[in-house]
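Only one structure is covered here, and it is reproduced in the block below.
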Amino acid sequence: MQETMNYKGYQGTIEYSLEDNVLHGRVLGIKSILSYEGNTLSELKKDFESLIDEYLEDCKNNNESPEKPYKQNIVINLEPDL
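Numbering (this note's numbering), first residue to last: 93 to 174.
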């Protein structure tokens, strides 16, 4: 199970790198690759929130619409006799 955190409608992962001895994550549900890191959970959360704020501000300054996170649901319709 992967842990996540949420901010302003965006969801980000919480991961740990043994090799780099650092917490890191990426924003889920959008095409853009947005990543963040921190040495503590508090730093990770702060970097995640700052990243989202900067992303939204950049979109506003460039007159672009920010990507809306998509839901990761799959709907499967089956025939009754299956």
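We treat Cβ as the ideally placed atom computed from N, Cα and C, and that holds for glycine.
Asked, Found
"Same chain, Cβ closer than 7 Å to residue 159, five either side skipped, listed in chain order", "122, 123 and 124"
"7 Å CB neighbourhood of residue 139 in its chain, flanking five on each side removed", "128, 129 and 130"
"Beta-bridge pairing of residue 98 - partner residues as DSSP gives them", "103"
"Contact set for residue 101: own chain, Cβ-Cβ below 8 Å, skip 5 residues either direction", "160 and 161"
"Beta-bridge pairing of residue 159 - partner residues as DSSP gives them", "Residue 159 is not bridged to any residue."
"Distance CB(residue 99)-CB(residue 141) smaller than 8 Å", "yes"
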